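Protein chains in written order, with the working numbering: chain A, 1 to 313; chain B, 314 to 841; chain C, 842 to 1143. Each residue gets a CB set at the ideal place from its N, CA and C atoms; glycine is no exception. Here the structure is a predicted model, which is why all the values come from computation and not from measurement. Worksheet: the structure to be examined is printed underneath.
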Amino acid sequence: MWAYIIRRVLATIPVMAFVALFVFSLLYLAPGDPAAVIAGDQATPDDVERIRASLGLDRPYLVRFGEWVFRILQGDLGTSIFTNLPVGHMIQQRIEPTLSLMIVTLILAVSIAIPMGVVAAWKQGTWIDRAVMGFAVLSFSVPVFVVGYLLAYIFALELDWLPVQGYTPFSEGFFPWMENLVLPATALGGVYIALIARITRATMLEVLQQDYIRTARAKGAGQGSILFVHALKNASVPIVTVIGIGIALLIGGAVVTESVFAIPGLGRLTVDAILRRDYPVIQGVVLLFSFVYVLVNLGIDLLYTFLDPRIRY
Amino acid sequence: MERRHLLTGAAALGATAFAGPAISQNVAARTLRFVPQANLANFDPIWGTQYVVRNAAALVWDMLYGVDENLVPQPQMVEGETVSSDGLTWDFRLRAGLVFHDGTPVLARDVVASITRWAPRDPMGQMIRAIQQELVAVDDRNFRWKLSRPYPKLKFALGKTGTPCCFIMPERIAGTAGNSMFTEYVGSGPMTFKRDEWVPGARAVFERAARYTPREGTASWLAGPKRVLVDRLEWVVMPDPATAANALQAGEVDWWESPISDLVPLLRRHRNILVDIADPLGNIGSFRMNHMHAPFNNLKVRQAVMMALNQQDYMRAVVGSDTNLWSVLGGFFTPGTPNYTEAGGAVMKSANMDAARRLLAESGYANEPVTCLVGQDQPLLKPMGDVTADMLRRLGMNVDFVATDWGTVGQRRAMRNPPGQGGWSMFHTWHAGADCVNPAGYNAIRAHGDGAWFGWPNVPSVEAGITEWYDAPTPATERAAMDKINTEAVSNVVYVPTGFFKSYQAWRRNITGVVKGPLPFFWGVAKS
Amino acid sequence: MNPVAIPPGLAIAEPMPDVLPPVSARRGLIGFLRRYPTIAIGGGLLLAMLFVAVFAPFLWTKDPTSLAPALRTREPGAEFWFGSDMLGRDVYSRVLYGARVSLLVGFSVALFASAIGLAIGLFSGFIRLADSIVMRIMDGMMSIPPILLAIALMALTRGSVQNVILAITIAEIPRVTRLVRGVVLSLREQPYVDAAVASGTGTFMIMWRHILPNTLAPLTVQATYICAAAMITEAILSFIGAGTPPIIPSWGNIMAEGRALWQVKPYIVFFPAVFLAVTVLAVNLLGDGLRDSIDPRLAKSL
């Protein structure tokens, strides 16, 4: 098993290398002169030359890439063009809100979606099944921001149960923190819930037909135990796979949700940076997100070995 | 089990990663939360000339003079000045007890360094430098400015609201070259900037400066005592106007600088929100042309556009259907002010597409592309861009529409290359009415070619008119000079004004002391 | 071998023709649709949207790009069926034209991503040497969340419909490649492939005749999901300002322009949202139905 784990970990290195290469190239693929972009509004031609020299734009591409990677590994992600602050610092300021949002959404989605899928599979063919699947397909189809606006309007403005926007750091208390995250997590989680519920239902359907389920039933196991202990455990591999893949959806959706709910997170930072062509920030954030995504999927792959002893590849 | 772990883990992460002070109930009551017109990305008020930068800078830095609501400059940091009888030597004396936020006293040499940094980047400052013989610190509290010709508007130059304003900063910071940004935000103004709590793009935090001693007098705009009545000011950046409106209604923010006019009826209906005109001097919209390259280097093409442009369309698109909020301009200066003139401006007041097309044909326009830079993230500029694209197409021009963001517009408009090589043909912006009352401080009307504002118009007759105005001894001659400037500016199309409009501001009922003005004034504002 | 002597008088019966077991009467299309209602509903709605998109120039009431600021933000009524937006443009006509962009983006992305992914997947599945390199690249691309990848690509270029299609296609290719490669790998071990190789059939012919047809079924299902995802991605890109340029109405940018006013003039966001939701729903239902009709077991992985 250890050999498998080590192999999997090593396999992420070339993946990250590719991501790093792509991200690094962004600045140089862009139209226009990167030095002019960085030098800014009021720069004289001398300033632009100075910056070009400091960026080493006359040196070979691979040399520049190597230096960039070296700096990244030391934690230096460069400096933002627009704010003149270190990119690492800007990311660090905004990581907590996004992380909170994603974790809360993940927990919310998983804890709603899996029971939904299980129940739908159990009651296959009945109106419950159709309702669940109908809701799932509908969640896929409505864009996140529309859901966000509706939720904000109904629950925050009209009913005044929750705040309209903003983010409260966890250090100020659990409930204030949670209050600000409920609506965004619900909006963001919709698509995720749909995805997980569908896969859960499909996998459960197959598992429920298996012989060992019939055996368990014959042995007198209760319905709940059959569904959640015997069946779900065996269905877990595809479900966990989808949870992992779905993190990419969360990251994408967070971008919009943070805009609608004015959460000062990484998603908004990314959008602002991209619209402004603030390449150092774009590079830093895309690198970070990809790294997290790779780690999460690595974790899931490793989780497989615990969930399903048959997987040993 | 898993859940609790996750949460405590996040808490630990939160405590370290997002160092923000826990706001107790008391402090929350004395915290004013304000939604600014735009994001505060960088904060150097000499380097960055956007209004939002100036608005924040006015809190952290103080000025030698400050205009009051009649646009008359009043002494602020100076105790008084004496002018020699020939008008060539100005002696200034600073007030006692002026201190920077880091504890060091404000000295005359800090003032000299600050003025030296500001002057090259401001048209009025440039004019003064051209006639400057010496600017020295005589001792710690006195400095002298010697000129070779009289410049009666010197105090206005030092106290105006038009950007860049002459903010006074420590000598070491003012030593940063004018075309690079500085990174230390230390001033002597009524509030300090909490750098460690600044999240660019999300929020900026200011705290009342304990060491600030307001001067005596009555507070009026930038003049008089700047007494800050709250402990903390938070600027909350909200990219989404719908969210800002909801936040104001829910009481999560206290004051919104520029609500869009369509949402104003919604805000007015709320019993705890007050809405009023933000600035009686309003704003002038601008279709800014690049005089250096085709097609707008051709006078007839410019005139054709001015003829085709329908200010009503622009104003409705920008400010909505409420006609109290806008009017059509017959010139380049601010309506409702004593010197407003419509001399020579008849062509601006109505749109004539047919005549414009004929003029365009006469001009020899060879279908060169018109590269339009339009900032999509600015609620005032995006609709103007859409109306422009439509109008230019109907006029028969070849539109190259570059939909980008305001920051990029800011960068690209400084490029003097031809449009096809990273340059531009036109962009939209607006000017605060306070800056357009007369030629002093009105950067956009200056037409001295390479040194002028973006677009670099080169119209000697306008410059001649401006010189006349500066030299004018009597109000009547001033009036005549303004008429001349207006006529020449219209017939040579320095730029095309798209109309005069006012905007609203909205605040919660428990906030008192909000006044109308060209920028939001935070002194005198209290929260109960 | 000694032929067996056939005794005289023994009649050898004719070989019986193959008799197929009775099959339940398949009443063609109607029966098919009745068994898979999701295909019927999804397909029907999609056809309706296609109709709207294709015939938009005949169905509109006002030029979708003509401004009339004097008539801005009118409620839906006789003159403006879906109301007018902040510049006085007719929302109904814009929504009709928006169908063109969204459907174009959806179908183009699905088509190109499928075609390119198919080619790469086949290539990678067959040629072991290329496999590890290609899969690492695909893994790398999949590590970048699709929206971020699309936005980053848009940042490099001018906003236009072609660039949006390009950006989203690039983001979707890895998944298709994975799928096709998976099928190829599993089929490669099949006996008939071995037989084909043994009999000297060229690699290309094997791919074409044996592997390709088997990939088409899951690929088609995947393609419908890509189509749905692409339409939503385009809407999100336009919403944050990195998508279709504003001069071309798309559901995403109509909603983006109306977002500030949605509480006072909700119809500007509402109508494109409904059209988008219905279209994406239709495509999703179609995909689900196709998947169930081809092989319900696919539901576990797609």
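Run down chain B in chain order and give the residues with a C-beta less than 9 Å from the C-beta of M90 of chain A.
Simply V512, P513, G514.
Using the beta-carbon count (16 or more within 10 Å), is I444 of chain B buried or exposed?
It is exposed - the Cβ of I444 of chain B has fewer than 16 other Cβ atoms within 10 Å.
Do F469 of chain B and A757 of chain B have their CB atoms nearer than 8 Å?
The answer is no: Cβ separation not under 8 Å.
Give me the DSSP bridge partner(s) of R792 of chain B.
None; R792 of chain B has no bridge partner.
Under 8 Å, do A954 of chain C and I1014 of chain C count as touching if we go by C-beta distance?
Yes, the pair counts as a contact, with Cβ atoms nearer than the cut-off.
Of all the beta strand (DSSP E) runs that stay within the bounds of the segment 994-1065 of chain C, which reach a length of 3 or more residues?
Listed in chain order, there is nothing to give.
Roughly how many whole angstroms lie between the Cα atoms of M666 of chain B and R915 of chain C?
Between M666 of chain B and R915 of chain C, the C-alpha separation is close to 26 Å.
I'd like to confirm the pairing. Which residues does DSSP put opposite G379 of chain B in its beta bridges?
In DSSP, G379 of chain B forms a bridge with B:Q387.
Give the range of the beta strand (DSSP E) segment to which L587 of chain B is assigned.
Taken as a continuous stretch (DSSP letters only), the beta strand (DSSP E) holding L587 of chain B covers 586-590.
Hey, does T721 of chain B have any beta-carbon neighbour from chain A nearer than 8 Å?
Yes - at least one Cβ of chain A is within 8 Å of the one on T721 of chain B.
Can you give me, in chain order, the residues of the segment 893-926 of chain C that have a beta carbon less than 8 Å from any beta carbon in chain B?
So the list reads T906, S907, L908, P910, A911, R913, T914, given in the order they occur along the chain.
Let me see if you follow: with CB-CB separation under 8 Å, is I196 of chain A close to chain C or not?
No, I196 of chain A does not count as interfacial toward chain C.
For G657 of chain B, which residues from the same chain have a beta carbon less than 7 Å from its beta carbon, with the 5 sequence-adjacent residues on both sides left out?
If we look at G657 of chain B and ignore the five residues flanking it on each side, its Cβ neighbours are N799, T800, V803, S804.
Could you please tell me which residues of the segment 1077-1102 of chain C, in chain order, have their CB closer than 7 Å to any CB of chain B?
Per Cβ criterion, the list reads G1082, P1086, P1087, I1088, R1100, A1101, L1102.
Roughly how many whole angstroms lie between the Cα atoms of D626 of chain B and Q389 of chain B?
Between D626 of chain B and Q389 of chain B, the C-alpha separation is close to 42 Å.
What did DSSP end up calling N596 of chain B once you bin it into helix, strand or coil?
Strand, per DSSP.
If you draw a straight line from the alpha carbon of W820 of chain B to that of Y364 of chain B, how long is it in whole angstroms?
Between W820 of chain B and Y364 of chain B, the C-alpha separation is close to 20 Å.
Looking at S676 of chain B: is its Cβ nearer than 8 Å to the Cβ of A765 of chain B?
No, these two residues do not count as a Cβ contact at 8 Å.
Is N892 of chain B helix, strand or coil by DSSP?
What the structure shows of chain B is the stretch from 314 to 841, and residue 892 of chain B is not part of that stretch, so it cannot be assessed.
Could you give the residue range of the beta strand (DSSP E) that holds G812 of chain B?
Residues 809-814.
With 8 Å set as the bound, which would you pick, yes or no: does the beta-carbon of S934 of chain C sit closer than that to a beta-carbon of chain A?
Output row for S934 of chain C: interface = no.
Of all the residues that make up the segment 676-703 of chain B, which are near chain C by a beta-carbon distance shorter than 9 Å?
Per Cβ criterion, the list reads V687, Q689, D690, P692, K695, P696, G698, D699, V700, A702, D703.
Decide if K903 of chain C is buried, meaning its Cβ has at least 16 other Cβ atoms within 10 Å, or exposed.
The residue is buried, with at least 16 neighbouring Cβ atoms inside 10 Å.
Identify, in the order they occur along the chain, each residue of the same chain with its Cβ nearer than 6 Å to the Cβ of F65 of chain A, setting aside the five sequence neighbours on each side.
Closer than 6 Å at the Cβ level, and outside the excluded window around F65 of chain A, lie F24.
Taking its Cβ as the centre, do 16 or more other Cβ atoms sit within 10 Å of I968 of chain C, making it buried, or is it exposed?
Exposed is the call here.
Going along chain A in order, which residues have a C-beta closer than 8 Å to the C-beta of E565 of chain B?
Correct list: P163, V164, Q165, G166.
Beta carbon of L26 of chain A, beta carbon of Y279 of chain A: below 8 Å?
Contact flag set, yes.
Ordered along the chain, which non-local residues of its own chain (more than five positions away) have a Cβ less than 6 Å from that of P682 of chain B?
N711, D713, listed in sequence order.
Cβ closer than 8 Å: which chain B residues qualify as neighbours of V1105 of chain C?
Simply D575, L576, P578, L579.
Does P554 of chain B come within less than 8 Å of chain A when only Cβ atoms are used?
Closer than 8 Å: no.
Would you decide whether A1083 of chain C is buried or exposed? Buried here means 16 or more other CB atoms lie within 10 Å of its CB.
It is buried - the Cβ of A1083 of chain C has at least 16 other Cβ atoms within 10 Å.
Among B:L612, B:T811, B:Y464, B:L638, which has the Cα closest to the Cα of D399 of chain B?
Checked all of B:L612, B:T811, B:Y464, B:L638; the closest Cα to D399 of chain B is B:Y464.
According to a CB-to-CB cut-off of less than 7 Å, which residues of the segment 262-289 of chain A neighbour chain C?
Result list: T270, V271, I274, L275, R277, I282, V286, F289.
Please classify L384 of chain B: is it buried, with 16 or more other beta-carbons within 10 angstroms of its beta-carbon, or exposed?
Buried.
Can the beta-carbon of T270 of chain A be found closer than 8 Å to that of V255 of chain A?
Yes, the Cβ-Cβ distance between T270 of chain A and V255 of chain A is below 8 Å.
Helix, strand or coil: which one does DSSP assign to E394 of chain B?
In the structure shown, E394 of chain B sits in a strand (DSSP, three-state: E or B).
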